[in-house]
Amino acid sequence: MGQVVMDRGAGNVAGSGPGANGHAATKIRSYAPATGELIGEVKVTSADEVKRAVERARRAQEAWGALPVEERCERVLRFRDAIVDRADEIVDLLVRECGKPRHEALLHEVMVAADLATFFAKAAPRVLAPHEVKLHLLKHRKSVIHYKPRGVVAVISPWNYPFQLPLRDAIIALLAGNAVVIKPSEVTPLIAQKAKEVWDSAGLPEDLLQVVPGFGPTGAALIEAQPDFVILTGSVATGRRVAAACGERLIPCVMELGGKAPLIACADADVERTARAIVFGGFSNAGQVCVSVERVYAHREVHDKLVDRVVELTRELRQGDPSAEFVDVGAIIFPHQIDVAEKHIADALQKGASVRAGGKRREGPGQFFEPTVIDGCNHQMTVMTEEIFGPIVPFMRVSTEEEALRLANDSHLGLNAYVFSRDRDHAQRLAERVEAGSVLVNDVLTNGGTPDVPFGGIKASGFGRAMGEEGLREMCNIKHVSVERVGMGSKDPLWYPYTAQSYGWFRKGLRALFSGGGLLRRIGEIL
Ligand code: NAD
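Mind the numbering: the sequence shown is residues 1 to 527 in full-length UniProt numbering, read in order.
Laid out in structure tokens, this is it:
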């Protein structure tokens, strides 16, 4: 059979696996989204190769998991150092393969990964240390909680942050004592190869961190190889498939899925700061961010001023090929997102909205969509209710903050949300009522790069948490060891035989321990 090669450029069915003629793809070609130039290709990993990778990872994990956590931290910091030393070449590849601005490649990918490794290498010895839980009733026993590695962690990742997202999960999993197999997105296969190359160049065990490039079926084969834990970052549709496959095999998993972040601009919002936040939060990474500002509910007091200022700032943005010049907004990484953007805009226009800036794909080479502002939107329009994952910010005018809150919560997704108000206490109270995994007041996007706090969604945005102490402990089996503090002799009062006398004692104990009243009355119950 002749070799079937899958392009991941425009018009291809990235994610489905089989090529146009029905044969499984054997290679993925990667093209620069900003220029259309072919920049490299990688081999697709077969199901057998995936299985062997997991077996090798399992063997490598035994020695790694047995190391003291401090030694694992020291080695992960060597990886961090190699990332920092090779930052320029990583940034260059990110700029080419994703068409993202150089600043975003450096700050939101390389810097976030280096910071996360540093933070967790410091936090891990404390967070993973065994600790005692003082039992409220069985005082004669000592309970200690241990955090044990799960084993082999499968990391399945998307294309929008193809360096920091897989490495975020990999670094946290490694520090917890696991081995990691990454299935990177087929849309950005080269950058994951680069991450692996940097790992190997730091002299770290090759089988401990492996990368298995491929399409969806390679991800499915990774789950079939029975890893001990799966973390998927991707779309809701893939989340349903992956969670079902994990459920079938009883593999614990974390789902980091899509978002539809609302931004509530209160009547007293600082218009200039809010406008700048909307432009940055809506167009960073060309809007291909799970926590992008995807819908704005602006109080009528500020609505017009805010839309006008956002439109002005949007028109000032420089968009273009980031490998040729410093630009603010780069290309669309996955060409399918341009079709998605066009559909949302057509639907909104047909239902009465107006495009105030941008609104179309850019002519000429490369995959670009203009930063777009739409106003006059409502919840009949898909642009307000479905994930966009592109550079579009839709506005809806509201009369009260209660209305904004009701609309913000009227969503099947709940990842991030934003509230803007000059009154911080008021904004904080409002934030507590928004249904989302994280809510930022007077800020956008930053929690995606804040390793100290848990990150993740509710509703169809997923479950489980990446980052924070919770994220580190997600990568562990939690083990409880219980030891007696004092010898109890040969017979425990809770054990057999069940007698009328012992029942009487327990009956009295129930009232003494759990009924109301003061100490004397409760002692009286026993006597
Ligand atoms: P996707 O769901 O198409 O793909 C994600 C990964 O899953 C890819 O590596 C893909 O090959 C793999 N995959 C596909 N089918 C599979 C299967 N049956 N079994 C196993 N693996 C399979 O998502 P995408 O288009 O790469 O990324 C965009 C989506 O990711 C958006 O919805 C975005 O909101 C979401 N996202 C979420 C977060 C978060 O932290 N919550 C972060 C970034 C992106």
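All residues carry an ideal CB built from backbone N, CA and C; glycine is no exception.
Alpha carbon of residue i to alpha carbon of residue j, nearest angstrom
i: S284; j: V327; result: 11 angstroms
i: V69; j: R80; result: 16 angstroms
i: L440; j: A237; result: 27 angstroms
i: H344; j: M381; result: 8 angstroms
i: R86; j: R473; result: 30 angstroms
i: L527; j: L520; result: 11 angstroms
i: D425; j: E186; result: 45 angstroms
i: A512; j: M475; result: 41 angstroms
i: A275; j: L106; result: 25 angstroms
i: Q193; j: R300; result: 50 angstroms
i: L175; j: F506; result: 46 angstroms
i: P189; j: A427; result: 42 angstroms
i: P335; j: N160; result: 12 angstroms
i: G99; j: L317; result: 16 angstroms
i: residue 533; j: S292; result: Residue 533 lies beyond the stretch modelled for the chain, which goes from 1 to 527, so this question has no answer here.
i: H103; j: L94; result: 11 angstroms
i: G281; j: V271; result: 15 angstroms
i: Q210; j: V198; result: 12 angstroms
i: H108; j: E325; result: 18 angstroms
Anticipated Cβ contact below 8 angstroms, residue i with residue j, distance rounded
i: Y503; j: L407; result: Not a contact, Cβ separation roughly 58 angstroms.
i: V302; j: A243; result: Not really, about 40 angstroms apart at Cβ, beyond 8 angstroms.
i: D452; j: G468; result: 6 angstroms
DSSP-derived helix/strand/coil call for residue i
i: K479; result: strand
i: G40; result: strand
i: P493; result: coil
i: T45; result: coil
i: F283; result: helix
i: C253; result: strand
i: A298; result: strand
i: Y498; result: coil
i: R102; result: helix
i: Q319; result: strand
i: Q164; result: helix
i: T314; result: helix
i: I171; result: helix
i: I90; result: helix
Closest residue to residue i among the options (Cα-Cα distance)
i: K122; options: L208, L494, I172; result: I172
i: P454; options: E470, V439, S461; result: E470
i: T233; options: G65, R96, I182, S482; result: I182
i: K142; options: V481, V91, Q380, N378; result: V481
i: P158; options: S421, H136, G214; result: G214
i: V311; options: A286, F334, V279; result: V279
i: I388; options: Q193, E301, Q337, Q350; result: Q337
i: K134; options: L415, N178, E484; result: E484
i: G489; options: E342, H140, I28, T35; result: H140
i: R240; options: Y498, G516, G468, K459; result: K459
i: V391; options: Y147, T314, Y31, L413; result: Reading off the sequence, residue 391 comes out as Pro, not Val. Looking at the Cα atoms, T314 is the closest of the given residues.
i: G36; options: E316, V329, F395, S323; result: S323
i: M255; options: K508, G509, G464; result: G464
i: L413; options: V419, F420, V398, E435; result: E435
i: L38; options: P394, G366, H379; result: G366
i: A277; options: V112, E342, D443, A348; result: D443
i: V110; options: Q164, E97, E132, L137; result: Q164
Any non-hydrogen atom of the ligand MG closer than 7 angstroms to residue i Cβ
i: R465; result: Looking at this structure, you won't find the ligand MG anywhere; what it does contain is the ligand NAD.
Contained alpha helix (DSSP H) runs [length at least 4] in the segment 361-416, N- to C-terminal order = 382-385, 401-409
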